[in-house]
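Okay, so the sequence shown: first residue is 18 according to this note's numbering, each after it adds one. Even glycine gets a Cβ: it sits at the ideal position worked out from N, Cα and C.
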Amino acid sequence: MLTLRNATFATMTPDAAAYGLVERGALAIRGGDIAWVGPESEMPTSMSHWPQEDLGGRLVTPALIDCHTHIVFGGNRAREFELRLEGASYEEVARAGGGILSTVTATRAASEEGLLASALPRVDALLSEGVSTIEIKSGYGLDIETELRMLRAARRIERERPVRIRTSFLGAHAVPPEFKDRADAYIDEVCLPALSRAAEDGLADAVDGFCEGIAFSPAQIERVFGHAAELGLPVKLHAEQLSDLGGAALAARDGALSADHLEYLGADGVAAMAEAGTVAVLLPGAFYTLRETQLPPVQALRDAGVPIAVATDCNPGSSPLTSLLLTMNMACTLFRMTPEEALAGATRNAARALGIGDAGTLAPGQRADLAVWDVGHPAELAYRIGFNPLHQRFFAGKS
Ligand code: DI6
Ligand code: FE
């Protein structure tokens, strides 16, 4: 049992105005969960004798949640970065066998230990900014064994660090060279069997796909989602990143937790997502890296009441980014989101994009995953660039 005193709390609870701010607040932790939060003067007397920590007037928010990453991978793509600076486009590099496929080669060559060891410094960078939960996708193996190895490495991060990991099976990320021009055969012979194995071994919390001209068609994604439904796994989708194939609407029809990227999302897709309660996960790091000019339809999403999350999309190609604070800044500066929307996007709505009910806000019964910041107001979190004001992080009540 512990009470945190003398702080401002941004509870980020739904429908609360202005970050759900509680000034001169206090928060009580019992058994790793939040027992109470509110103005310090109103703290129940039963809690007033619990051990206490004075936070010196700092700001406390829910710990941050990075709800879309590909943080486990082999090698890096600095060479591709150079090629793109010499004029090649992301799609040209991909079609020439570079891009995702070059990471596939490096990932297949890496051991589980190696994948874990190379991911940990990236994970540490996120944790140092107050992140408590990270979603991690497979999708750089594209053969059964390597897909499973990626997921096992991702799961092991939870044993190495105080962090919660949610895994997504992304077998439908790209067509590997041995199945070139045979995407359907790849789905039948590798993707679906790998998904069955991942589910059997408890390695996947959700199923993702990449619906795009350079990846899989809506019909192919439907087959993967059909198998996910048979296995009882929720789905999410990389949709409308480079073109509008109607992926977000497809995902929404299947009750997807989220549709992600969405730069080319049209009105039909927005309406379908609103209807299904599918979260829009925006990834400004990929938009920035690829120097996209087509903005995601933020105002239309807002108007329709679609919850918006933001995430790093940490991956070696389109978003070699390991700062969720910088991502929040980019969401504001590039996508014109407000600092409050950016913080909600990295807390409450990110939890929802992962189907997690016990994190992302400060309220009784939620896990005590907290970030304590050396700032006076929550807008400062998205406002600063390249500055980390984290003072302390609590993970399930432990700092
Ligand atoms: N979209 C992305 O932005 C990442 N995957 C995807 O489907 C990029 C992956 C990569 O370039 O390695
Ligand atoms: Fe991605």
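- Contact between R166 and E129 is confirmed by a C-beta separation of about 5 Å, below the 8 Å threshold.
- Residue environment for R41: exposed (fewer than 16 other C-beta atoms within 10 angstroms of its C-beta).
- Shown here for R47: same chain residues with a beta carbon closer than 7 Å to its own, the five before and five after excluded, namely M18 in chain order.
- When DSSP states are grouped into helix, strand and coil, R319 belongs to the helix group.
- Around A216, the same chain offers L248 as residues with beta carbons nearer than 6 Å, after the five sequence neighbours per side are excluded.
- About 4 Å separates the CB atoms of I161 and A211; that is less than 8 Å, so the two are in contact.
- Annotation: L338 to V140 spans about 11 Å, alpha carbon to alpha carbon.
- Look at E229: its beta carbon is less than 8 Å from one of the heavy atoms in the ligand DI6.
- Residue range 129-144 is occupied by the alpha helix (DSSP H) that includes A142.
- Take V89, set aside five residues on each side of it, and the residues of its chain with a beta-carbon closer than 6 Å to its own are L132, A136, I153, M167, A170, A171, in chain order.
- Around the CB of T310, fewer than 16 other CB atoms lie within 10 Å, so the residue is classed as exposed.
- Straight through space, the alpha carbons of E70 and Y36 are spaced by roughly 23 Å.
- When the five nearest sequence neighbours on each side are left out, the beta carbons in the same chain lying within less than 7 Å of the beta carbon of G73 are those of N23, in order along the chain.
- Bounds of the beta strand (DSSP E) holding D50 are 50-56.
- With respect to the 9 Å criterion, F242 and L220 are not classified as neighbours on the basis of their beta carbons.
- Residue range 356-362 is occupied by the alpha helix (DSSP H) that includes L360.
- If you check the C-beta of K154 against the ligand FE, you find a heavy atom less than 8 Å away.
- Here the stretch 100-113 makes no contact with the stretch 345-364; the two share fewer than three CB pairs at distances below 8 Å.
- Spanning the alpha carbons of A288 and E280 requires a straight line of approximately 15 Å.
- In this structure, L300 has its CB closer than 8 Å to one or more heavy atoms of the ligand DI6.
- Of the other Cβ atoms in all chains shown, fewer than 16 fall within 10 Å of the Cβ of F404; this residue is therefore exposed.
- With a threshold of 8 Å, the Cβ atom of R94 counts as near the ligand DI6, since some heavy atom of the ligand is closer than that.
- Secondary structure of N405 (DSSP, three-state): coil.
- Shown here for L209: same chain residues with a beta carbon closer than 6 Å to its own, the five before and five after excluded, namely H244 in chain order.
- Under the 8 Å Cβ criterion, the stretch 364-376 does not count as touching the stretch 55-70, having fewer than three qualifying pairs.
- Nearest C-alpha to A297 among S336, L371, G334, A52: L371.
- Less than 9 Å separates the beta-carbon of V192 from that of D198.
- T306 is the residue among A380, G334, L379, T306 whose C-alpha sits nearest the C-alpha of T344.
- The Cβ atoms of T28 and A328 lie no closer than 9 Å to each other.
- Judged by beta-carbon spacing, P333 lies beyond the 9 Å limit of T78, meaning their Cβ atoms are not closer than that value.
- Exclusion of Y203 from the 8 Å shell around the ligand DI6 follows from its C-beta lying no nearer than that to any non-hydrogen atom of the ligand.
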